[in-house]
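For reference, the structure discussed in these notes is given below.
Numbering (my numbering), first residue to last: 226 to 289.
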């Protein structure tokens with residue numbers, strides 16, 4: 226698993242994210258997807274790898 230820090234306020238599926246929160250990211254059982262887990266709540270969503278990359282390059286999240 227890889228850890229990411231939330232840098233901006235945003236909603237991602239059912240996750241409501243704000244700065245200084247952490248996400249744990251791992252390969253999903255679904256093709257071309259990641260499982261994203263909100264660290265403090267353990268709530269998880271499945272996200273497309275391209276969507277994940279867009280949030281990363283847009284500065285919403287940053288690898289720790």
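C-beta: ideal position from N, C-alpha, C; glycine also. Predicted, not measured: the structure shown is a model, and the values here were computed from it.
Of the listed residues 245, 243, 238, 246, nearest to residue 260 (C-alpha basis)
On the chain shown, position 35 is the one that residue 260 refers to. Residue 260 has its Cα closest to that of 238, out of 245, 243, 238, 246.
Among 284, 274, 280, 229, whose alpha-carbon lies nearest the alpha-carbon of residue 253?
If you number the chain shown from 1, residue 253 lands on position 28. Comparing Cα-Cα distances from residue 253 to each of 284, 274, 280, 229, the minimum goes to 274.
Whole beta strand (DSSP E) runs in the region 241–281 with 3 or more residues, listed along the chain?
247–252, 258–263, 269–273
Buried or exposed for residue 289, going by 16 or more other Cβ atoms inside 10 Å?
If you number the chain shown from 1, residue 289 lands on position 64. The residue in question, residue 289, is exposed, as its Cβ has fewer than 16 Cβ neighbours within 10 Å.
Roughly how far, in whole angstroms, is the beta-carbon of residue 241 from the beta-carbon of residue 285, given that I think they are within contact range, below 8 Å?
Working through the chain shown from its first residue, we reach residue 241 at position 16. Working through the chain shown from its first residue, we reach residue 285 at position 60. About 13 Å separates the two Cβ atoms, so there is no contact after all.
Based on the DSSP output, what are the partners of residue 288 in its beta bridges?
Taking the chain shown and counting its residues from 1, one reaches residue 288 at position 63. DSSP lists 229 as the beta-bridge partner residues of residue 288.
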